[in-house]
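Residues in the sequence shown are numbered from 4 upward in steps of one, following this note's numbering.
Shown next, in structure tokens, is the structure this report addresses.
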Amino acid sequence: MQQNDAQLPGIINQPAPDLGVTHWINAAGEPMQGYGLEQMPGVYKVIFCFQDACPGCHITGFPALAKLVEAFKGSRLVSFAAVQTVFEDFEANTFDRAAANQLKYVLPIPFGHDAGQGREGAGSVLMERYRNGGTPWFIVIDPEGTVIYNHFSVDAERLIAQLKRPAPGVPQPAPDANTLTWRGVMALTREGNPAPPRRLELDAAQWHERLTAEQFRVTREQGTERAHSSAMCALFEPGRYGCVCCGTELFDASSKFASKSGWPSFTQALAPGLVAYHDDSSHGMTRVETTCNVCDAHLGHVFPDGPAPSGLRYCMNAIALVKT
Ligand SMILES: [Zn+2]
């Protein structure tokens, strides 16, 4: 029997709504708050919806999820969340069953529990927003935030191959000799940065005179602005991005891309010697700090999960940059 689109479950090809899930445990099984799509670090996001008392979830759902999670272990390409979307048997499908399944299937990913908390007897919010057909249910969201797959089952091997393949039609330029890659960044942090084109050295009082309090905090005291705090994230006009402290042009707008991280992101600096790279083991993480090589302004960090050709993601504080 033919069904028209209005009767089919799911929201394929539509923008992914907020998950609306309020109860979470992190990958280590500890309670956490405020989790959702924005906190999921992957370029692609896979949401697995289940109920503990749903046999199909255990027979096909969790085994497929475990394969997917294993295939992308340690990769930033895909991140996962499992959500118990309760719409029946509220007595059996409880929050502690989410944690039990995280352990049972050895899945080091966040688990949510969504029984429509605060809307007594109403059932899962996620399910309503995504129009899930039931459980198990797989949702895949692409880098643009569009739902590209939603269905009761998934062919794990095929999905793994599809996600690992570059997007069709998107040219994937190879890095040339002038393109700095992660290997080059690592070498610079070990061996030192090239000489800057010029130097500007001022003392703290002089920087205070030139900068706002927030500009000073970020650039001179290694601060980080709040994610999604700047309209610069969504700015893709041609031009250059310079250091807010000394005006040195650091990035061309052509290397800027939509990362959804909440900070302006670039794949490449304008030229060698403008940005300096430093090992940063603060806050319990091993990262590479980037500074302006002319005036030592803290700009942000660089990560190895950016698009081709460099594979780099310069994750910059918008307040450290000026657009020209
Ligand atoms: Zn500077």
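For each residue, glycine too, the CB sits at the ideal point set by N, CA and C.
It should be emphasised that the depicted structure is a prediction, and the values quoted were computed from it without experimental measurement.
Check: Can you give me the Cβ contacts of residue 201 inside the same chain, cut-off strictly under 7 Å, excluding the 5 residues immediately before and after it?; Outcome: 297
Check: What's the C-alpha gap between residue 310 and residue 303?; Outcome: 18 Å
Check: Would you call the segment 92 to 102 and the segment 76 to 83 touching, i.e. three or more CB-CB distances under 8 Å?; Outcome: no
Check: Whose C-alpha, out of 68, 73, 219, is nearest the C-alpha of residue 158?; Outcome: 68
Check: Just to confirm my understanding: we take residue 116, look at its own chain, exclude 5 residues before and 5 after, and list those with CB closer than 7 Å. What are they?; Outcome: 26, 87, 98, 101
Check: Expressed to the nearest angstrom, what Euclidean distance is found between the alpha-carbon atoms of residue 182 and residue 62?; Outcome: 47 Å
Check: Among 325, 89, 131, which has the Cα closest to the Cα of residue 238?; Outcome: 325
Check: Which residues have their C-beta within less than 7 Å of a heavy atom of ligand 1, listed in chain order?; Outcome: 203, 246, 248, 249, 251, 295, 297, 298, 300
Check: For the 8 Å Cβ check, are there 3 or more pairs between the segment 266 to 281 and the segment 219 to 226?; Outcome: no
Check: By DSSP, does residue 288 sit in helix, in strand, or in coil?; Outcome: coil
Check: Going by C-alpha distance, which of 299, 295, 52, 306 is nearest residue 140?; Outcome: 52
Check: On a Cα-Cα basis, can you pick out the residue from 82, 65, 188 that is closest to residue 314?; Outcome: 188
Check: In three-state DSSP terms, what is residue 133?; Outcome: helix
Check: From the DSSP output, in three-state form, read off residue 322 for me.; Outcome: helix
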